[in-house]
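Since the structure comes first, as structure tokens, the remarks are kept for the end.
2 protein chains.
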Amino acid sequence: MADLNTQIVMKRHPQGMVTEADFETVQRELPQLQEGQALVRNRYLSLDPYMRPRMDPLRSYVEPLKPGELMPGATVGEVIDSRSTQLPKGALVAAMLGWQTHGVVAEGTVRVLDPKMSRPSAALSVLGMTGVTAHYGLLELAKPKAGETVVVTAASGAVGGVVGQIAKIQGCRVIGIAGGPEKCRYVVEQLGFDACIDYRAPDFEQQLAQATPNYVDVLFENVGGPVFDAVLQRIADHARIALCGNISQYNAKEPYGVKGMRQLLMHRVTVYAFVIADHRGYWPTALADLSRWLDEGKLKLREDVSEGLHSAPAAFIRMLTGKNFGKQLVKVG
Amino acid sequence: MADLNTQIVMKRHPQGMVTEADFETVQRELPQLQEGQALVRNRYLSLDPYMRPRMDPLRSYVEPLKPGELMPGATVGEVIDSRSTQLPKGALVAAMLGWQTHGVVAEGTVRVLDPKMSRPSAALSVLGMTGVTAHYGLLELAKPKAGETVVVTAASGAVGGVVGQIAKIQGCRVIGIAGGPEKCRYVVEQLGFDACIDYRAPDFEQQLAQATPNYVDVLFENVGGPVFDAVLQRIADHARIALCGNISQYNAKEPYGVKGMRQLLMHRVTVYAFVIADHRGYWPTALADLSRWLDEGKLKLREDVSEGLHSAPAAFIRMLTGKNFGKQLVKVG
Numbered sequence: 001m002a003d004l005n006t007q008i009v010m011k012r013h014p015q016g017m018v019t020e021a022d023f024e025t026v027q028r029e030l031p032q033l034q035e036g037q038a039l040v041r042n043r044y045l046s047l048d049p050y051m052r053p054r055m056d057p058l059r060s061y062v063e064p065l066k067p068g069e070l071m072p073g074a075t076v077g078e079v080i081d082s083r084s085t086q087l088p089k090g091a092l093v094a095a096m097l098g099w100q101t102h103g104v105v106a107e108g109t110v111r112v113l114d115p116k117m118s119r120p121s122a123a124l125s126v127l128g129m130t131g132v133t134a135h136y137g138l139l140e141l142a143k144p145k146a147g148e149t150v151v152v153t154a155a156s157g158a159v160g161g162v163v164g165q166i167a168k169i170q171g172c173r174v175i176g177i178a179g180g181p182e183k184c185r186y187v188v189e190q191l192g193f194d195a196c197i198d199y200r201a202p203d204f205e206q207q208l209a210q211a212t213p214n215y216v217d218v219l220f221e222n223v224g225g226p227v228f229d230a231v232l233q234r235i236a237d238h239a240r241i242a243l244c245g246n247i248s249q250y251n252a253k254e255p256y257g258v259k260g261m262r263q264l265l266m267h268r269v270t271v272y273a274f275v276i277a278d279h280r281g282y283w284p285t286a287l288a289d290l291s292r293w294l295d296e297g298k299l300k301l302r303e304d305v306s307e308g309l310h311s312a313p314a315a316f317i318r319m320l321t322g323k324n325f326g327k328q329l330v331k332v333g
Numbered sequence: 334m335a336d337l338n339t340q341i342v343m344k345r346h347p348q349g350m351v352t353e354a355d356f357e358t359v360q361r362e363l364p365q366l367q368e369g370q371a372l373v374r375n376r377y378l379s380l381d382p383y384m385r386p387r388m389d390p391l392r393s394y395v396e397p398l399k400p401g402e403l404m405p406g407a408t409v410g411e412v413i414d415s416r417s418t419q420l421p422k423g424a425l426v427a428a429m430l431g432w433q434t435h436g437v438v439a440e441g442t443v444r445v446l447d448p449k450m451s452r453p454s455a456a457l458s459v460l461g462m463t464g465v466t467a468h469y470g471l472l473e474l475a476k477p478k479a480g481e482t483v484v485v486t487a488a489s490g491a492v493g494g495v496v497g498q499i500a501k502i503q504g505c506r507v508i509g510i511a512g513g514p515e516k517c518r519y520v521v522e523q524l525g526f527d528a529c530i531d532y533r534a535p536d537f538e539q540q541l542a543q544a545t546p547n548y549v550d551v552l553f554e555n556v557g558g559p560v561f562d563a564v565l566q567r568i569a570d571h572a573r574i575a576l577c578g579n580i581s582q583y584n585a586k587e588p589y590g591v592k593g594m595r596q597l598l599m600h601r602v603t604v605y606a607f608v609i610a611d612h613r614g615y616w617p618t619a620l621a622d623l624s625r626w627l628d629e630g631k632l633k634l635r636e637d638v639s640e641g642l643h644s645a646p647a648a649f650i651r652m653l654t655g656k657n658f659g660k661q662l663v664k665v666g
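Written out as structure tokens, the structure is:
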């Protein structure tokens, strides 16, 4: 085992917009395995918006990253050495190994993937955290009824795309919001949303009003900022908001001030902010539905794959500025 | 019945801060009673913050007031003429008769008060809408557990004062926020909160941090604006916010932008905006508790009474700027 493990660590806390200089690539010796452990060569790394707030030294749901610490992230990889009968060589595992080429996993802490799985990287999207996030936020928190209007921001994104498709399965009227005509076309034509509005359009607010004649019963919010306020102007009585992300603000030096408190109050809205890491017991329920829907062709999946671990910082920045198109992955090896 | 009915109507929609010129006093003939109705001479009118957003021509939970329409409001009065055996002359009734000296009520639409009630005006505060609002928002929505930290804004107000006292009955640590040292003293010494912080103090945020070493599990929000953002900085994981009012913004031309979306998300907060008018069936449950607690001396009640219906506009403005001290009432006659 003469290989080294290549890692990308946070070099320093970003100041506002994250830059490639906030990361550093380091080489480490591969660790020695202990009984019950396996060494994994990562194939895919998932890049997700939640990673950005974890780089800020602020009180949060987990300890913020410290300079020099490995960037976290979900991975799919292959066992290349093992001291575990449950994790034999050649097994494919989904784990939280972070931005590195190799990692060590222990029995009982990883998902061993079905070797017949046609697309193992789906364990990082529809059949992984982003899919489970979509399922939980929509079906457990916002609970849309058939016929209700559901608005999804970042509608072409890894979470938003699944949210909208599930909402269609539930019989809802589904309006996406995305950046640019190409993404909007994809959301309607490929994902089957009823409409999708480009938030960059000069008449965005009028288009949103036209698309929501009965107002907005459910908002699945991934973006925050002025787009959030625009949807609040259209919010329905007793609406439910699943507050999942705030990506427009993750790199902001000064956070946007949300003006729509009046709308929340006057329309008696409930806002459920959530982080899927709190709900580990929910995964089997969600994955059962998501796998079935995927097999039935009811869920479409699009990936945006960046080549090589070294490309992760640039791909991450690209994703945070909305330039990716589909679930952002890094092909590690 | 040569008497006339004096009414105060909204003359025009206020522009920003409401002024006395936005109201007009008019005289009307007393209406003829129909079978099952009674004529009431109002004794007390309740002034409440919700009346201000109803004056704005914006989409809301009820039709906004139109110029010339009677100002709405809860009242306690005496039946002075009757064509109802259920509403005999001399009966005291709590009703929604608005800003007027007289009004007509129908059987089954009003609360007939116990004639032995020591303080009938309590039907407009602790034993009325503000008490039921406090009970519902705290116990049905935010659901504090014993030992949790509960923060209440507008803590000396008609809703806030009851919220904090109920939270103490539940065994919580209760921190009030109020305007000025006199109100803060009252909140601690008379209402029994554990602490009360003056939001006008230059070191308000530091005082709030010191008073909430274990962060804020429940926020009962009546005020909004920068005070809301300050509490969000101290919000605990899985906190619940009962969003009841936004009084700091009711007269604002441009609403304050709430910056704490990050806090909501990172701490997985649930925000329950509510209006008690949606929950009429809840009144008996709440009133049973509130009456018992009042009888047991566990709830204290303070009123700020303005003399004469003509004083209502000035008293209303005074209340909206936080100059009242206790439940704002108008002694109509």
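Heads up: the sequence lines are chains A and B, in that order.
Sequential numbering of the first sequence, starting at 1, is according to my numbering.
Sequential numbering of the second sequence, starting at 334, is according to my numbering.
All residues carry an ideal CB built from backbone N, CA and C; glycine is no exception.
What you are looking at is a predicted structure, and each value in this text was computed from that prediction instead of being measured.
With DSSP run on the structure shown, which of helix, strand or coil describes residue i?
| i | result |
| --- | --- |
| B:Cys577 | coil |
| B:Met388 | coil |
| B:Met343 | strand |
| B:Ala427 | strand |
| B:Tyr548 | coil |
| A:Lys327 | strand |
| A:Leu265 | helix |
| B:Gly513 | coil |
| A:Arg318 | helix |
| A:Met1 | Legend: pLDDT at A:Met1 = 45, less than 50; position of this residue unreliable, value from coordinates given subsequently. In this structure, A:Met1 counts as coil in the three-state DSSP scheme. |
| B:Gly630 | coil |
| A:Thr130 | helix |
| A:Val188 | helix |
| B:Arg416 | coil |
| B:Leu620 | helix |
| A:Tyr272 | strand |
| B:Leu366 | coil |
| B:Glu353 | helix |
| B:Asp531 | strand |
Output the boundary residues of the beta strand (DSSP E) element that contains residue i.
| i | result |
| --- | --- |
| A:His102 | 102–106 |
| A:Arg28 | 23–29 |
| A:Gln15 | Here A:Gln15 belongs to no beta strand (DSSP E), and DSSP marks it neither H nor E. |
| A:Thr153 | 149–153 |
| A:Glu140 | Premise fails: A:Glu140 is in no beta strand (DSSP E) and is neither H nor E. |
So, at 6 Å on beta carbons, what are the nonlocal neighbours of residue i in its own chain, with the 5 sequence-adjacent residues on each side left out?
| i | result |
| --- | --- |
| B:Glu357 | Val342, Lys344 |
| B:Ser639 | Ala648, Val663 |
| A:Ala95 | Thr75, Val105, Val110 |
| A:Leu70 | Gln7, Val9, Gly98 |
| B:Ala424 | Val412, Val445 |
Determine the burial state of residue i: buried for a count of at least 16 other Cβ atoms within 10 Å of its Cβ, exposed for fewer.
| i | result |
| --- | --- |
| B:Gly401 | exposed |
| B:Ala455 | buried |
| A:Thr85 | exposed |
| B:Ala487 | buried |
| B:Glu396 | exposed |
| A:Asn42 | buried |
| A:Ser118 | exposed |
| A:Gln328 | buried |
| B:Pro390 | exposed |
| A:Thr130 | buried |
| A:Thr101 | buried |
| A:Thr133 | buried |
| A:Glu148 | buried |
Output needed for residue i: all residues of its chain with C-beta closer than 7 Å, excluding positions within five of it in sequence on either side, in chain order.
| i | result |
| --- | --- |
| B:Val507 | Val483, Val485, Gly497, Ala500, Lys501, Phe526, Asp527 |
| B:Arg567 | Leu541, Ala542, Thr545, Tyr548, Val549 |
| A:Ser311 | Val330 |
| B:Pro514 | Asp531 |
How would you write the range of the alpha helix (DSSP H) that residue i sits in, first residue to last?
| i | result |
| --- | --- |
| A:Asp229 | 226–232 |
| A:Gly257 | Premise fails: A:Gly257 is in no alpha helix (DSSP H) and is neither H nor E. |
| B:Gln498 | 491–502 |
So, for residue i: in the same chain, excluding its five sequence neighbours on each side, which residues have a beta-carbon less than 8 Å away from its beta-carbon?
| i | result |
| --- | --- |
| B:Asp414 | Met334, Leu366, Ala371, Leu372, Lys422 |
| B:Tyr394 | Val608, Ala610, Asp611 |
| B:Arg387 | Ser393, Val395, Pro397, Leu398, Pro405 |
Count the CB pairs spanning the stretch 188–208 of chain A and the stretch 103–111 of chain A that are closer than 8 Å, and state whether there are at least three.
no
So, do the stretch 65–79 of chain A and the stretch 34–48 of chain A have three or more beta carbon pairs nearer to each other than 8 Å?
yes
For the stretch 571–583 of chain B and the stretch 253–267 of chain A, state whether three or more C-beta atom pairs, one from each stretch, are separated by less than 8 Å.
yes
Quick check: the stretch 270–287 of chain A against the stretch 597–609 of chain B, are at least 3 beta-carbon pairs closer than 8 Å?
yes
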